Each structure stands twice: as C-alpha cells, then as structure tokens.
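Heads up: the structure comes next, in structure tokens.
There are 2 protein chains.
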Amino acid sequence: MTSRRVFFLTPGVAAATLAAVPKRRQDLPTPALIVELDKFEANLAKMAGHLKQSGLGFRPHAKTHKTAEIAKLCEKAGAVGSCAAKLSEAIALADGGARGLLITTAVIGRDKIAQGIALAKRRPDTIFVIDHTQNADDWDAAARAAGLRVNLALDLWVGRRTGILCGEPSLALARHVSRLKNVRLQGLQAYSGPSSHTRPFEKRVAATQQAMGEAVETRALIERDGIACNWLSGGSTGTWNIDPSIKGITELQPGSFMFMDIDYRRIGAQGAEEFHDFQQSLFVIATVVSRPKPEMAVIDGGFKAFATDRGYGPELRHRPEIKFSFGGDEHGVLTDSGAKVGDRLEFLVPHCDPTVNLYDTIYAVRGDIVEAAWPVSARGKSQ
Amino acid sequence: MTSRRVFFLTPGVAAATLAAVPKRRQDLPTPALIVELDKFEANLAKMAGHLKQSGLGFRPHAKTHKTAEIAKLCEKAGAVGSCAAKLSEAIALADGGARGLLITTAVIGRDKIAQGIALAKRRPDTIFVIDHTQNADDWDAAARAAGLRVNLALDLWVGRRTGILCGEPSLALARHVSRLKNVRLQGLQAYSGPSSHTRPFEKRVAATQQAMGEAVETRALIERDGIACNWLSGGSTGTWNIDPSIKGITELQPGSFMFMDIDYRRIGAQGAEEFHDFQQSLFVIATVVSRPKPEMAVIDGGFKAFATDRGYGPELRHRPEIKFSFGGDEHGVLTDSGAKVGDRLEFLVPHCDPTVNLYDTIYAVRGDIVEAAWPVSARGKSQ
Chain A
3 MTSRRVFFLT PGVAAATLAA VPKRRQDLPT PALIVELDKF EANLAKMAGH LKQSGLGFRP
63 HAKTHKTAEI AKLCEKAGAV GSCAAKLSEA IALADGGARG LLITTAVIGR DKIAQGIALA
123 KRRPDTIFVI DHTQNADDWD AAARAAGLRV NLALDLWVGR RTGILCGEPS LALARHVSRL
183 KNVRLQGLQA YSGPSSHTRP FEKRVAATQQ AMGEAVETRA LIERDGIACN WLSGGSTGTW
243 NIDPSIKGIT ELQPGSFMFM DIDYRRIGAQ GAEEFHDFQQ SLFVIATVVS RPKPEMAVID
303 GGFKAFATDR GYGPELRHRP EIKFSFGGDE HGVLTDSGAK VGDRLEFLVP HCDPTVNLYD
363 TIYAVRGDIV EAAWPVSARG KSQ
Chain B
3 MTSRRVFFLT PGVAAATLAA VPKRRQDLPT PALIVELDKF EANLAKMAGH LKQSGLGFRP
63 HAKTHKTAEI AKLCEKAGAV GSCAAKLSEA IALADGGARG LLITTAVIGR DKIAQGIALA
123 KRRPDTIFVI DHTQNADDWD AAARAAGLRV NLALDLWVGR RTGILCGEPS LALARHVSRL
183 KNVRLQGLQA YSGPSSHTRP FEKRVAATQQ AMGEAVETRA LIERDGIACN WLSGGSTGTW
243 NIDPSIKGIT ELQPGSFMFM DIDYRRIGAQ GAEEFHDFQQ SLFVIATVVS RPKPEMAVID
303 GGFKAFATDR GYGPELRHRP EIKFSFGGDE HGVLTDSGAK VGDRLEFLVP HCDPTVNLYD
363 TIYAVRGDIV EAAWPVSARG KSQ
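Just so you know, the protein sequences line up as chains A and B, in that order. Just remember that the numbering used here sits 2 ahead of the position in the first sequence, which is counted from 1. Just remember that the numbering used here sits 2 ahead of the position in the second sequence, which is counted from 1.
In structure tokens:
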C-alpha cells in the first residue's frame, strides 16, 4: 500500500528527520503526538469554506501548531497567511516558508525590533501590532534607518491580554501612527479571549457582540477622522460562527479548530452541551509501562506529555469514564482500565496549544500509515 | 571584566549556538531561562559534599535539567553519573557526553529495547530498571542477540508512580532475573515521591522511614536468599538529609536541589516554614509588553514560559506580594507592580523540571555576564 499524499518537509531537515520515522502508527515511539489527517483536513476545509463564503479573510493562528508545514497547508487551503504569537515564532515560520505573518503581540525592545525589521525586509507582507506611541516611534525610527515602510496594526483591548483601550485612546494612537513616515497603518486587531470560551452559546454571542462591537465602533471612529482603516482582525474557534454576523470585522484568526481539545469541546454549541463544530484530530499515544497494583495502569506520559493549565488531565479515547490522574512529570495513572503493560493507548488532550509546544514532532497519520513527520519548528519560540 | 569560568558546549553545537548569544544578561531575549552560577555551584557543592561525607553515591536526576553540560558538571562535582527519566532522555545525554546513566522508568517495547541495547553497547555502565518478568526476559533475549550483559535494577513500588511491590513479589522477580544469563542484577531502585513533599519536616521523616524502610527490608530479603544486592538507589531533594540515616540506601538521586523552585520552598524544613537548604538559582526573565490599564502590567510569559502543574504561577523576584495571574499561553498579568512597558522582570518558577522542559536554552549567568548558553539537549525527550 502506498501513502495517498506526500508532505514535504523543510529542506535540509527532511533527510535527517525522516530517516528515523516509523512508517506505521503502531511503531511510533511513545509518548507520540499525532494528528489524524482526514479529520484535520476536514476541519481546515470547513473553516476555510465558511470564511470564504462569509467574505472574511482567514489567517489561522500558528501559536496552536507552531509548524511551518501546517502554515503552508493553511495557505493552500485559502488562508492569507498565519498569525504568530511572538516574533521568534514568526521568524521560525518564515524560515520554513510561511507567508502573510501577523505578530499578535507587540514587539518590544531594540534587539527584537531589529529582528522584526529583518523579517519585514524578506517578508514585506508581515504585520506587527502596537498599543503604545513609544513602540510606534521605535518602529518608525528603525524602519527609516533600514529604508523600509513597516505595516503596523493597533492592538485593541477588548477584555483580555494586551492592547490599548477602544475609542478615544485608540483614535489618538491611530492619528499618531498616521503621521509617521516609515510605518503604514494596516488597521486594527481585537482578540476577545474571554468571549471565545463563554458558555452557553447565547451568552457567547452576547459577549462577542459586546467586545467586538467596541472594536467595530473604534474602526468607524478612526475612519470618520479621515484615516484609512479597512482591516479588522480578530475572532477565535469559539466565535467562528458569531463573528461573521458582526459587520466591520474583515478577518478571523482561529487556531484550535484544526486540532480541537477537551477544553474547547466543553464550551458548548448552539443547542448542545458540547462543541463538535470541528473534529478532534489531535491525540497523544502513550504506553502502559507499569502496573504496580491490579487497579492501576501507569502510562509513560505526565506533565511533560500533556499541558496541565486546565487543571485536568487527558481523556482516554473512546473511554471517557476511565479516571486519569497525573503521576508527576513523566507518568499518568489510569484506574480500572484493564490495560496491560505494553498496551498502547490514545488520549484526547486537555489543551492543544501548550500540549503541541511540548513536542518536537507532530506525526501526521492516515489510518495505520504515518504519512509525514512535521517538525514543530517554532516549538519553544516564545520570545 | 573577563568571565571567571568557561563552559564548553557539545562539539558542533557550540559555534552555531554561541554566535547569537548575547554577552550581557540585560540583552537576553525574553522570556529567557537563566541559572545564576554562583548559587547553582553552591547547591551542587553542598549536595555532593553532604553525600560524600555520608558515604552515599550521588546520581542526580537529569529529568530536572535535561542538559548534557549540567550532567557533566555534576560528574566533575563527584557524581557517579546521572539518572534519566526515559530512554530518549538518556540517549540525548549520552550523545552529549554524560556517563553512568540510570533510566528510572522501565523501557517497554521491542524498538525501545533495541535502542537501549545500542546505548548499553557504547555506555556499559548504563542501568535499566524493570518491574515485570516479561520485561526482564525481553532484555535478556535482546542482550543475548547482541552478545552483551545488561545491568538491570528492580524498580520497587514505595508509594508513587511505578514499580513492583516490596517483599515477596520483589524477591520472586530478583530470583527470576538472577537466573537469566545476559542480564546482571544491579540492585534496587525505590523512589518515594509522596514523602519528598510531605510537610512538616517531622512527618516527612516518618513517611521516608516508612517507605524506604520497606525497600531496605526487601534488599535484606533478597540478600538472605543468596542473591547479591548491594545497591539501593532512591531519595530526592526533599529527603536529602533524611535518607542518609536509613541504613541500606547506597545512593541518592536528587534533582531539584540544583535549581530549586516555589514548590520545593513550600515543603518546609526542620524548624522552619520554608525549605531553604538550597538556594533558588533558576529564574525566568520576562518583559512588560503592554499596560492596557493603569493597574495591569502584561508580561511576555504565560503557559508556554512557566509550568502550570502546581496550579499557581511564578513569583516576582524580591516582590512576593505582587499578584501574578496567567493571561493565556503567551502572557502573564501583574497587578500594581508599577512596572512600565519595556521593563525586564525576573521570576521564581513554580516547578523547575517541567519549566526547564519548555526552553531550548539555559543561559548560565554570573552577575551581568552570560558565561554560557547550554542547549537543553534532552528537552522534549519523554520517550
């Protein structure tokens, strides 16, 4: 049997990495992070089709996958590019061939701005966000010295994380940016973290309309001032079917939809307790390595195999009733699962983004076949 | 000013890595993981001196640092070698020049045992643990095919994680191993996770005596059966000054003492609320990247910069009263700290082992000088 699709790795990495990659799912060394391609591709096609139909740009957030190969697959599916949480993540993605990068956190400090200028030189479509006049001035000075014009977007505070307050403070910053010669105002970014996880669905709709409504009003305020501002990027997996109804948003930046996780499943959906708009495509395979007592099966995955930020552990696939507890950095304990030493078990992860960030490789599988080993090339790039 | 000490990196890695390493602490790109060498060296000297004086072997656990350079510094300080949590971690350490490796989790599966045999070939002092007759037979068969004799130790269950029950079950397994031709019974391993974190100190003493007492009795039981068993490895940072009083333990495998963290500080000490037997040497430097509101300062470190398994976040150095909360994967929020955008702040980490596992590099600093950039060469090696 031949594999149905070939994925190309970053040149230079391919030979060394692939040489040691098992060809069959059952031979992957555990703990192993896998993505089931059929489900992953369906998720990507669903989101891309939905946004195309809604007339919205699609710039999926690469903080979820940190993998240049996936960024390029998203581009093939219609994405205008990828978001990156941090500058070093964007650089790693660009090194692997990704385009259209939006860095969603302000880049602060002389050395990092110098690196950002170098990135803008080779990828003129890169967009950086700012929420502070000093940072805008720093970009302008560095761009002038390099003979460039850099794309800046205002990062708006809409209830979580970072950004400048909507309304007058944003207008003042937009005016400031519009007067600078070596930067170009791309538009606005507004990420409403809290609304993406608000449940039930009706409350999520209200929270999103409230948060993104402020961003849309701010865009109108800036435009009424005579400043071009025809771009507003925001949204998430949780609000994918809410944002399109908010007139004024031009682009979505969801990430988790391609993999899904227990956390997102729990946010609920329209008329449903659980969110199944996208399929769980990401799993960790682990092996039972010890059975100290009849009622315990110890697997080879703990804090270093599963993200712990949700406060709960992974879920045994197809057997949600089995109780998992962490057994420290390297182990997990299952009760009453009937598993024997050597058994390989698959788990849904609590939270996909920080789980992916623990692994060097995502194995892309279709059925029993390992079709590719994608280096998580921006793993650990949080700078 | 010249640096007082030079650390050598793995050949081949040095040039590429060091080329980009800033020479001054204030220039490290954040979030940056640093170790203060004066404190780290004092911790190492204190533990090594204590164990030498106690007549105990010192095999520090590399799951804490995952760094071949540190394993070799431990050897220079008198360690007989290093523990590794998993086979792939041990292989990465061996690749970097580490010796005397004890893999503290059973190695399960044909492919992994084949890799273990390859490791044993180039490092005959490697020790593997088992807790199961089938696994012992698998090692014996693989060693026979390779023309080797492999060192196996019994992993005893003493209240956490993995292992075979003490007493008769362990004796039966020891007898089984002693009859196999291509393995050699090294002795016993007993790691009592729960007792390392029991507080107050008096209860920790009792818990340790109880757990390790069973291991010592099991060793005597096996020896009375005529089977040589003169090696018993166990212990942790929390029990470093308790284990030496338990006759029959021959070697300690502490890890966290070299770095320390908030979690270990909280276990308390003899007559003290906090455990300060070793100094905090590990810190994360982060930068304030946004101040959306006067009472908030947002730093560039979140779930991907600090381990989250303890349920609490990092602590601002010298200012424990400042409240930190996670702002998602990439950000943390400080309240009322007075910090401005661009300020660099240093943090104590909640839990050192899984925090180190998030970083590709540990910067070794002395005062303002970056003396070395150690690749975390076994990072992500949980297989």
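Where a beta carbon is used, it is the ideal one built from N, C-alpha and C, also for glycine. None of the values given here were measured: they were computed from a predicted structure.
S292 of chain B has B:V300 as its beta-bridge partners, per DSSP. Interface residue (Cβ-Cβ distance to chain B less than 8 Å): R201 of chain A is not classified as such. Pairing H134 of chain B with A108 of chain B gives a Cβ-Cβ distance under 8 Å.
Within the model, the alpha-carbon separation for G111 of chain B versus R163 of chain B is close to 19 Å. For H63 of chain B, the pairing in a beta bridge is given by DSSP as B:C85. Between the alpha carbons of W233 of chain B and A222 of chain B lies a distance of about 11 Å. For F261 of chain A, the CB contacts under 6 Å within the same chain, skipping 5 residues up- and downstream, are S283, L284 and C354 in chain order.
Of all residues in the stretch 285 to 313 of chain B, those with a C-beta nearer than 9 Å to a C-beta of chain A are T289, V290, V291, S292, R293, P294, K295, V300, D302, G303, G304, F305, K306, A307, A309, T310, D311, R312 and G313, reading in chain order. Under the three-state reduction of DSSP output, Q28 of chain B falls in the helix class. Counting only residues of its own chain and dropping the five nearest sequence neighbours on each side, S258 of chain B has a CB closer than 6 Å to the CB of T66, T239, Y266 and C354. For K383 of chain A, the CB contacts under 8 Å within the same chain, skipping 5 residues up- and downstream, are K68, K88, S90, E91, I93 and A94 in chain order.
Secondary structure remark: continuous alpha helix (DSSP H) runs of at least 4 residues inside the stretch 307 to 350 of chain A: none found. Neighbours of E225 of chain B across chain A, judged by C-beta separation under 8 Å, do not exist; the nearest C-beta is about 23 Å away. Nearest to H63 of chain B by alpha-carbon distance, out of B:K54, B:R151, B:I224 and B:A73, is B:A73. Proximity of D133 of chain B to chain A, defined by a Cβ-Cβ separation below 8 Å, is satisfied.
Closer than 8 Å to the CB of G329 of chain A there is at least one CB belonging to chain B. In this chain, the beta strand (DSSP E) harbouring W376 of chain A covers I371 to P377.
When Cβ-Cβ separations below 8 Å define contact, P33 of chain A makes contact with chain B. At least one CB atom of chain A sits nearer than 8 Å to the CB of G111 of chain B. In the structure shown, K383 of chain A adopts coil according to DSSP, grouped into three states.
With three or more CB-CB distances shorter than 8 Å, the stretch 290 to 303 of chain A counts as touching the stretch 335 to 343 of chain A. Straight across, the Cα-Cα distance linking L360 of chain B with D29 of chain B is about 20 Å.
Contact check between the stretch 239 to 249 of chain B and the stretch 200 to 208 of chain B: three or more CB pairs, one atom from each, fall below 8 Å, which counts as touching.
Any Cβ of chain A closer than 8 Å to the Cβ of E276 of chain B would place that residue at the interface, and such an atom is absent. By the criterion of a C-beta distance shorter than 8 Å, V218 of chain B is surrounded in its chain by L234, I248, K249, G250 and I251, once the five residues flanking it on both sides are discounted. For R319 of chain B, same chain residues with a beta-carbon under 7 Å away, outside a window of 5 residues either side, are F285, E348, F349 and L350 in chain order. Beta-bridge annotation (DSSP): N153 of chain A is paired with A:I129 and A:R186.
At a cut-off of 8 Å, the C-beta of P196 of chain B has no neighbouring C-beta in chain A. In this structure, the straight-line span from the alpha carbon of E317 of chain A to that of G273 of chain B is close to 42 Å.
Secondary structure of A22 of chain B (DSSP, three-state): coil.
The beta-carbon of S247 of chain B is placed no less than 8 Å from the nearest beta-carbon of chain A. Of the other Cβ atoms in all chains shown, fewer than 16 fall within 10 Å of the Cβ of R124 of chain A; this residue is therefore exposed. Your pair R27 of chain A and V367 of chain A checks out as a contact, with CB atoms roughly 5 Å apart and the cut at 8 Å.
Bounds of any alpha helix (DSSP H) do not take in L103 of chain B; it lies within the beta strand (DSSP E) bounded by L103 to I105.
Contact annotation: the stretch 299 to 308 of chain B does not touch the stretch 136 to 148 of chain A, with fewer than three C-beta pairs closer than 8 Å.
Per DSSP, L35 of chain A lies in no alpha helix (DSSP H); the unbroken beta strand (DSSP E) holding it starts and ends at A34 to E38.
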